[in-house]
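In what follows, a single structure is set out as structure tokens and then discussed.
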Amino acid sequence: MTYSEGSASLYALGLGHLRQLQSDLHRKQEIESRLQPTEVTIVHFPLASEASPPGNTCDIPPLPSPPLQVSYLHNPYLELNAKSQLLVDRITEIGFLQSRTARACQKFGPHQDKIVEFLIQVRSLEEQFPSLSATDLCEEALFKHKGDVSATVSCLEAVARLTRLGFEPKRVMSVLRSVGNNEERALDKLVS
1 MTYSEGSASL YALGLGHLRQ LQSDLHRKQE IESRLQPTEV TIVHFPLASE ASPPGNTCDI
61 PPLPSPPLQV SYLHNPYLEL NAKSQLLVDR ITEIGFLQSR TARACQKFGP HQDKIVEFLI
121 QVRSLEEQFP SLSATDLCEE ALFKHKGDVS ATVSCLEAVA RLTRLGFEPK RVMSVLRSVG
181 NNEERALDKL VS
């Protein structure tokens with residue numbers, strides 16, 4: 001599968017993810033606005049033994065906090081020109097990581113469609129490989145395979161299998177690179 005074929009199939013999938021990200025961002029902004037320091041008001045919550053007036057009950061559960069996304073790779077945001085920084089800011093507002101967006105902007109230039117497509121592909125890969133989602137390996141693998149989604153998936157499948165054997169994901173990725181993504185040779189190298 002080529003980059004364009006993969007991107008066409010992921011584009012439709014990505015629109016749903018984009019809408020979800022916008023919803024998550026809106027929810028996060030609402031939560032953050034509630035956390036802003038404001039005037040303190042003491043509220044009395046009656047104990048179960050105290051009678052509450054009829055019609056004065058509230059059973060609304062608190063909103064779950066969105067998962068924290070962190071990237072451990074270099075953030076080139078400050079190295080970008082003002083136009084690219086503005087583009088990164090706009091894309092970041094819909095829920096993508098600033099550092100990942102800045103790296104994509106550095107790679108693809110100020111082409112919003114290419115950047116968003118790449119970010120959606122990374123998000124899709126992270127959903128497909130949840131054990132690797134906190135390691136930046138999905139992003140690194142997609143860059144390494146120049147957007148070839150099927151090659152990236154094959155590589156990440158090998159990383160996931162070898163990681164389940166107890167090896168550290170970043171080390172597995174490095175060894176796989178050194179042996180041309182040959183999983184058997186990588187395993188031999190990892191155990192030696």
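Residue numbers (UniProt numbering): 1 to 192. Even glycine gets a Cβ: it sits at the ideal position worked out from N, Cα and C.
(request) Would you mind sorting PRO169 into buried or exposed? The rule is 16 or more other CB atoms within 10 Å of its CB. (result) buried
(request) State buried or exposed for VAL149, treating a residue as buried only when at least 16 other CB atoms are found within 10 Å of its CB. (result) buried
(request) Taking LEU142 and LEU162 to be in contact with their CB atoms under 8 angstroms, please state how far apart those CB atoms are, rounded to whole angstroms. (result) Contact doesn't hold; Cβ gap of about 19 angstroms is too wide.
(message) Taking 8 angstroms as the cut-off, does the segment 128-136 touch the segment 104-115 (at least 3 CB pairs, one atom from each stretch)?
(response) no
(request) Please classify ALA158: is it buried, with 16 or more other beta-carbons within 10 angstroms of its beta-carbon, or exposed? (result) buried
(request) Specify, as a first and last residue, the run of the alpha helix (DSSP H) that LEU187 falls within. (result) 183-191
(message) What residue range does the alpha helix (DSSP H) around GLU157 cover?
(response) 149-164
(message) Between the alpha carbons of THR101 and SER192, how many angstroms are there, rounded?
(response) 38 angstroms
(request) Give every residue of the same chain whose Cβ lies closer than 8 angstroms to the Cβ of SER154, excluding the five residues on either side of it in the sequence, and list them in chain order. (result) ASN181
(request) Taking only the alpha-carbon atoms, compute the straight-line gap between LEU125 and SER99 and give it to the nearest angstrom. (result) 18 angstroms
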